[in-house]
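A.B. asks: Sending over a structure as structure tokens; questions will come in a sec.
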Amino acid sequence: MPSLLNTSRPPVFCPGCSHEFVVKALDQAFQDQGLTGNQIALVSDIGCSGLFDTFFHTHALHGLHGRALTYATGLKMARPDLHVVVTMGDGGLGIGGAHLLAACRRNLDLTLLILNNFNFGMTGGQFSATTPPESTVGSGFLNQVERPMDACQVLEAAGAPYLVRTSAYAKDLARAIAAGMEYKGFSALDIWGGCPGRYMKRNKISPKIIEDGLGQLPAKDGVIPANERKEYTLAVREITAGRPEPRLPPAVTPTCSPPQDKEQGVLILGAAGQRVVTAGELLGLAGMSAGLQATLKNDYPITVLTGHSVSEVILSPESIDYTGLSKPAVVIALAEEGINRRKDVFGQLPQASMVLRAIPDLDLPPTKAEVVDLELKSIGMKKADYALASLASLAKRKEVLNMDMLEAALDLRFPAKIAEASRKVVEAVG
């Protein structure tokens with residue numbers, strides 16, 4: 000098989016970096032197994048090891064530091080046909096410790112390559128979870144008071160069934176990687192190497208020193224018999240065999256027609272307690288009841304009893320591949336908190352857009368859009384009902400939705416008693 004290396008993006012490591020040895024060994028392992036690029040997914044996170052996915056013509060996913068194994072888990076569950084390989088440095092090893100333990104416990108068919116060069120090389124040479132206490136690093140004395148982690152020992156204790164402790168300079172590294180990939184379960188290789196850009200400037204290290212260091216530790220060269228068990232997906236299938244399939248939410252059957260057959264967005268700007276998120280759900284269900292596609296994006300702080308609450312809804316007769324709005328057709332302004340959160344939107348609204356203001360007391364940023372005051376306070380409407388009342392006003396104007404759509408949404412979203420109470424709010428709106 001030909002090499003899968005990306006010739007337009009060759010490795011860009013520091014001269015003498017051990018990571019380049021791993022790149023070549025990984026490519027050789029792919030070739031030895033006869034794999035093509037569309038059969039492989041490389042998953043990486045941050046740091047020098049995070050560059051690996053750019054060096055190969057394969058599927059790739061690049062994510063947050065320490066989280067590579069979580070992305071890989073989702074990939075493998077969704078696409079069990081792929082050979083999923085994760086590259087992670089000793090930095091990601093420490094930062095993503097909980098995800099690492101979970102991967103060992105699950106025994107999903109993934110291969111983890113730990114590129115262990117004993118420091119955070121990309122960010123200044125600070126100590127990592129594997130830095131020896133006698134080393135000189137960019138974070139002062141801290142490595143002297145924290146015990147370094149033996150990756151293989153930790154992984155074995157967590158249940159990893161296949162472990163290899165090796166060197167980036169080992170002549171049989173490609174064979175070791177290929178063997179790990181061929182194992183049907185979670186496999187991990189702790190690959191020791193040198194970082195010439197940082198660690199090796201302050202610490203004496205060489206392939207021979209690494210080999211001697213590995214020789215002082217218990218050998219790990221494949222299967223851990225005490226941890227062998229069924230691969231995760233096989234075990235799950237066996238346990239769930241014969242059980243009924245999980246019930247999906249019922250499909251929304253169109254029962255009415257929309258007032259306009261085009262894509263439109265509605266931005267609801269309110270505060271905690273105004274049932275803004277619920278209004279967004281109702282609007283989405285209303286669109287679906289008229290045969291439209293719908294997307295919903297909500298924004299609120301962790302202080303759910305105070306602060307802003309924003310809901311962005313798009314309705315369209317065509318498929319929608321995104322969420323969020325920049326120039327909505329309608330803005331529903333319910334509270335100062337929500338208005339301040341998205342105040343930049345108002346200046347971008349064209350004259351054709353509409354702003355529904357719940358009460359005239361609300362200050363709005365300058366806008367070219369038509370502003371309609373609903374006077375909800377003057378008719379005795381509670382703040383908690385402002386969002387629903389605003390949807391009712393839209394429906395009665397036949398803008399974005401109509402009353403048939405809103406009625407259908409109330410029945411879909413609420414039990415009968417709550418739907419009936421909601422109808423009283425709708426009826427109170429002129």
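When the sequence shown is numbered by numbering that gives the first Met the number 0, its final residue is 429 and no position is left out of the sequence of numbers.
C-beta atoms are modelled at their ideal positions from N, C-alpha and C, and glycine is treated no differently.
1) Classify residue 362: buried if its beta carbon has 16 or more other beta carbons within 10 angstroms, exposed otherwise.
2) Can you tell me which of 355, 291, 248 puts its alpha carbon nearest to the alpha carbon of residue 388?
3) Could you give the DSSP three-state label for residue 188: helix, strand or coil?
4) Looking only at its own chain, which residues have a Cβ that is under 7 Å from the Cβ of residue 141, when we skip the five neighbours before and after it?
5) Compare the C-alpha of residue 408 against each of 297, 287, 268 and name the closest.
6) Less than 9 Å separating the beta-carbons of residue 192 and residue 18?
7) Whole-angstrom Cβ separation of residue 86 and residue 41, contact assumed at under 8 Å?
8) To which residues of the same chain is residue 412 closer than 8 Å at the C-beta, ignoring the five residues directly before and after it?
9) Using 8 Å for Cβ pairs, my map puts residue 292 next to residue 325. What's the rounded Cβ distance?
10) For residue 432, which residues in the same chain have their Cβ closer than 6 Å to its Cβ, ignoring the five residues on either side in sequence?
11) Out of curiosity, what's the CA-to-CA distance linking residue 431 and residue 256?
12) Please report the distance separating the alpha-carbon of residue 8 from that of residue 262.
13) So, under 8 Å CB-CB, residue 121 and residue 46 are touching, yes? Tell me the CB distance rounded to an integer number of Å.
14) Taking C-alpha atoms, which residue in 267, 321, 331 lies nearest to residue 309?
15) How big is the Cα-Cα spacing for residue 134 and residue 67?
16) What is the residue span of the alpha helix (DSSP H) that residue 423 lies within?
17) Might you give, ordered along the chain, the residues of its own chain that have their beta carbon closer than 6 Å to the beta carbon of residue 29, omitting 5 neighbours on each side?
18) DSSP state of residue 118, grouped into three classes?
19) Could you give the first and the last residue of the continuous alpha helix (DSSP H) run that contains residue 288?
20) Looking at the secondary structure, which residues open and close the beta strand (DSSP E) in which residue 42 lies?
21) With residue 84 as the anchor, note down where its beta strand (DSSP E) starts and where it stops.
C.D. replies: Walking through what the data contain:
1) Counting Cβ neighbours within 10 Å, residue 362 comes out exposed, since fewer than 16 surround it.
2) Nearest C-alpha to residue 388: 355.
3) In this structure, residue 188 counts as strand in the three-state DSSP scheme.
4) Once the five neighbours on either side are set aside, the close Cβ partners of residue 141 are 126.
5) Among 297, 287, 268, the Cα nearest to that of residue 408 is on 287.
6) Cβ distance < 9 Å, so residue 192 and residue 18 count as in contact.
7) A Cβ-Cβ separation of about 7 Å places residue 86 in contact with residue 41 under the 8 Å criterion.
8) Closer than 8 Å at the Cβ level, and outside the excluded window around residue 412, lie 277, 280, 281, 284, 418.
9) Wrong, their Cβ atoms sit about 19 Å apart, outside the cutoff.
10) Absent from the structure is residue 432, since the part of the chain shown begins at 0 and ends at 429.
11) Because the chain spans 0 through 429 in this model, residue 431 falls outside it and cannot be assessed.
12) Cα-Cα distance, rounded: 41 Å.
13) That belief holds up - the Cβ atoms of residue 121 and residue 46 are roughly 5 Å apart, short of 8 Å.
14) Check the Cα spacing between residue 309 and each of 267, 321, 331: the tightest is with 267.
15) Near 28 Å, if we compare the C-alpha coordinates of residue 67 and residue 134.
16) Looking at the DSSP string, the run of the alpha helix (DSSP H) that includes residue 423 is 415-427.
17) Listed in chain order, the non-local C-beta contacts of residue 29 below 6 Å within the same chain comprise 3, local neighbours out to five positions each way being set aside.
18) In the structure shown, residue 118 sits in coil (DSSP, three-state: anything other than H, G, I, E or B).
19) Counting along the chain, the alpha helix (DSSP H) containing residue 288 begins and ends at 275-288.
20) Counting along the chain, the unbroken beta strand (DSSP E) around residue 42 starts and ends at 39-43.
21) Where residue 84 is concerned, the enclosing beta strand (DSSP E) starts and stops at 82-88.
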